[in-house]
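Numbering (the numbering used here), first residue to last: 1267 to 2254.
For reference, the structure discussed in these notes is given below.
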């Protein structure tokens, strides 16, 4: 006890000396000390011993004893406890445990407590060296984007260029695959998606939000004029005024309206980094407040989640599948690849940069033929040509049935596999042969539905049925525009059915198109962003899987039991009620639990705090969102954004955030985790990046973390939100929770900026996905799902269905609603509810719209905002000083309407109208128009929500009807008409 007290006294005495020396040697620390004057008291809880520190005008002094009126107090249970935590090498788990057990407490304002804690942490990294001196005043930093890892070159505080990473001799060599006597290996460098190359232009965009702003006719103490949102202008205000208003509105919502009055949501994606991503700092901040979250729909997986999961499990993948070592298997064993609604050259899978391109180039070296099924002759088909089949949008399910018909009638499927590895095939067979409805689903039958000649379907089915074939269904397994059409659940179910007939998992028969499944080391641990970053959220992220144990932190939990489905935010606001179904990855049955808004005993939303990318370009029937913003029920709208675009123009208060090049962060290229476990198998190299703060935030913009922190100061929850750590401190804690410290020190990682994980030798590579299932063995691929309770024959035995098999007749759907006409237990043919068969509507709007994910931008990222991507003629076209979104129209349809290349045309239906620049092409069949979704610019020429948009928000035209009634799933099946635009504002 005496020794402990002596140590406590000595450590505190020495701390003053160290701080004074640090201030003398490091100007940054001297500047830090000058930020505030305060008195800090260290003491034991029984007041038997202590030392007081005085911070005054940048100087620090101390004296033994207990001060009668300090600004903050750090109290320890006893001297031994103090000794453990005043060490620079304290154990973080021990520290968090002590805080939760109240063995260590703080008193005083949160703001002072956190400032002091951050100041102490700052001493541990003073003089830290980062970046590489390139000479001539240029420093090279590192960062990571959604489009790939980059080098950032800075001179005189300004970014001069951003390039893909090139690796050097110190970095690991890439993997090698041997196939058919040839060796294949990717280049020793990173690649970058088009929008990744546009970052410099976006950082210095004229559309950057540089200062807090308030809508000119919004008076928080008087008339708020919600009817003018999206119309009236803005005035610059100070950060203090902006944050004071927002904090006051948050308190008002909670105190006057009650729990649930604050609505917060984000776009599906944000700027890269484990700390700044939307599942990290944002979630932790709003959990500390208690809020109504926006419930996300599975917006890239719709048909897979609501349909396919019922036939092969895979709910942890949102109905998609695992993809381990499939690149090697395909190259060594496959004889054909079918790309069905799959354009990885456009979408990069997701986050995959350009890494997959070279792998698909190897198909030619190996003489492996390809087939493309897509109404649009897409970029992948153009680069890797093969047979192209272009069904009418929404009729892919008819093709599935016709292929199965040929296999059944010509004995071209794996009967033994079907007998031992599947369930309910006879009922599927009955429907295919027409024994239940009198309509054989022959190639001749499907020709009337799809427009594909019967002979082509027979040829494809025979080729597929006699060759070991990989099926690339979507850019990655479980994506694809076909899964987001009105028959998307049937298409996705059909993909599983077809693989079940051909023997999923046998050598050369699997899912994928060389976009996933590289032989990188999946066992080297670095978490994906879905594991929650610093959020400590155990409900809305995967924090419980690894990070809660590896990175000790206090848990973060939302106390509000209310949620608004993202696709029905307008109904929630304007009608005051709505309902939805959850995206629950734990088990198949999780999606059956319908929820309603408002929840019992909860308030309706009065404050909407919008964060990240715009819904105008990414959701459906999005004129609804513009109308919603003008509702009087929304007392206040806050938007936290980097650029003045989209929904930012509908806010009352705008808080300007900076990019990930202007703040500290950390992350791994292409590692999202969560629904796409080990998603970095899209990459040729696992690249873990220290995201250097390369430049200071432009204007008065701040990092998202800093904005939340300064709001937390005003709301009295700063210590709960930050745990006394800065963004830099959180990066360091995150790093320590991974496997990288076993290979590279924090000091070297900080300086060098990245680490390339070496691939495993060939004899230690992951087993091929589903080989275990094909061979009747326990699962041996390196993922934790399904959960133990979802197995019916023992842990890791079988799939996550009731039978443990591929189910042609779904057990879960039989239990839930066997009579559901949209989703019966056995997939049956049904026509689109908005297509050529909807006769009266089709007469009015005779063209079908395709609106897949874009090639050159990533959701709203990369588009608009003065990005160089605007100059790509396949993305936007400059006409009379305005960059118009591109719409592609068949040459016959164009000629019939007098339309030529680059004419301004109006795409319209009853829901809206969008002006685009015409691109006349024969890469589409007659009757189909193609225009990408996810435009960042919403620019109505008249009243928002009720006039023509010339920004390019194609989703103004899509339907708000759910993909099936019992779902929360978007659908892009759309009928429209096209004409030349003459400048009118009206839809019709």
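In this text, a Cβ means the ideal position worked out from N, Cα and C, and glycines have one as well.
- Task: Throw me the rounded Cβ distance for the residue 1857 and residue 1850 pair, which I believe falls under 8 angstroms.
- Result: 6 angstroms
- Which class does residue 1757 belong to by DSSP, given the choice of helix, strand or coil? helix
- Would you mind reading off the limits of the beta strand (DSSP E) that contains residue 1518? From DSSP, residue 1518 is part of no beta strand (DSSP E) but of the alpha helix (DSSP H) over 1505-1518.
- Query: Do the segment 2126-2138 and the segment 1462-1481 make contact, defined as three or more Cβ pairs closer than 8 angstroms?
  - Reply: yes
- Using the beta-carbon count (16 or more within 10 Å), is residue 1701 buried or exposed? exposed
- Task: Report yes if the CB atom of residue 1829 is closer than 8 angstroms to the CB atom of residue 1804, and no otherwise.
- Result: no
- Task: Please work out which residues of its chain come closer than 6 angstroms, Cβ to Cβ, to residue 2226, disregarding the five sequence neighbours upstream and downstream, and give them in chain order.
- Result: 1886 and 1887
- Message: Can you tell me whether residue 1527 is helix, strand or coil according to DSSP?
- Response: coil
- Using the C-alpha atoms, what's the distance from residue 1372 back to residue 1336? 12 angstroms
- Would you decide whether residue 2172 is buried or exposed? Buried here means 16 or more other CB atoms lie within 10 Å of its CB. buried
- Message: What residue range does the alpha helix (DSSP H) around residue 1814 cover?
- Response: It spans 1813-1816 - the alpha helix (DSSP H) in which residue 1814 sits, taken as one unbroken run.
- Message: I'd like to know if the segment 1733-1753 and the segment 1705-1724 are in contact, where contact means that at least 3 CB-CB pairs between them fall below 8 angstroms.
- Response: no
- Item | Same chain, Cβ closer than 8 angstroms to residue 2039, five either side skipped, listed in chain order | 1687, 1770, 1771, 2045, 2064 and 2065
- For residue 1575, three-class secondary structure by DSSP: helix
- Message: As a quick exercise: from 1621, 2186, 1646 and 1953, pick the residue whose alpha carbon is nearest that of residue 1794.
- Response: 1953
- Message: Within a Cβ cutoff of 8 angstroms, which residues of the same chain sit near residue 1403, ignoring the five residues on either side of it in sequence?
- Response: 1421 and 1422
- Query: Considering only residues of the same chain and omitting the five flanking positions on each side of residue 1341, which have a CB-CB separation below 6 angstroms?
  - Reply: 1309, 1311 and 1371
- With residue 1273 and residue 1331 assumed to form a contact (beta carbons below 8 angstroms), what rounded beta-carbon distance in angstroms separates them? About 18 angstroms separates the two Cβ atoms, so there is no contact after all.
- Query: According to DSSP, is residue 1943 helix, strand or coil?
  - Reply: coil
- Query: Looking at the C-beta of residue 1975, does it have a partner C-beta in chain D at a distance below 8 angstroms?
  - Reply: In the structure shown, chain D cannot be found, because there is only a single protein chain.
- Message: Quick check on residue 1762: buried or exposed, where buried means 16 or more other Cβ atoms within 10 Å of its Cβ?
- Response: buried
- Message: In this structure, how does DSSP classify residue 2141 when only helix, strand and coil are distinguished?
- Response: coil
- Query: Closest by CA to residue 2082, which one among 2233, 2196 and 2062?
  - Reply: 2233
- Message: Classify residue 1614: buried if its beta carbon has 16 or more other beta carbons within 10 angstroms, exposed otherwise.
- Response: By the neighbour-count rule (16 or more Cβ atoms within 10 Å), residue 1614 is buried.
- Query: From this set, 2202, 2181 and 2231, which residue's C-alpha is nearest residue 2223's C-alpha?
  - Reply: 2181
- Query: Are there 16 or more other CB atoms within 10 angstroms of the CB of residue 1685, so buried, or fewer, so exposed?
  - Reply: exposed
- Task: Use the C-beta contact count for residue 1291: other C-beta atoms within 10 angstroms, 16 or more gives buried, fewer gives exposed.
- Result: exposed
- Message: Going by DSSP in three states, residue 1492 sits in which element: helix, strand or coil?
- Response: Residue 1492: helix per DSSP, three-state reduction.
- Task: Work out the CA separation of residue 1767 and residue 1726 for me, nearest whole Å.
- Result: Straight-line Cα distance between these residues: approximately 15 angstroms.
- Proximity winner among 2220, 1960, 1583 and 1304, relative to residue 2049 (alpha-carbon distances): 1583
- Any idea what DSSP makes of residue 2219, helix, strand or coil? Here residue 2219 carries a coil assignment [DSSP, helix/strand/coil].
- Query: Does the Cβ of residue 1368 have 16 or more other Cβ atoms within 10 Å, making it buried, or fewer, making it exposed?
  - Reply: A residue is called buried once 16 or more other Cβ atoms fall within 10 Å of its Cβ, and residue 1368, having fewer, is exposed.
- Message: Looking only at its chain, what residues have a beta carbon closer than 7 angstroms to the beta carbon of residue 2247, apart from the 5 residues adjacent to it on each side?
- Response: Correct list, in chain order: 2170, 2171, 2172 and 2181.
- Item | Reference residue 1319; option with closest CA among 1282, 1845 and 1347 | 1282
- Quick one: is residue 2061 buried, meaning 16 or more other Cβ sit within 10 Å of its Cβ, or exposed? exposed
- Helix, strand or coil: how does DSSP classify residue 1446 here? Reduced to three states, the DSSP call for residue 1446 is coil.
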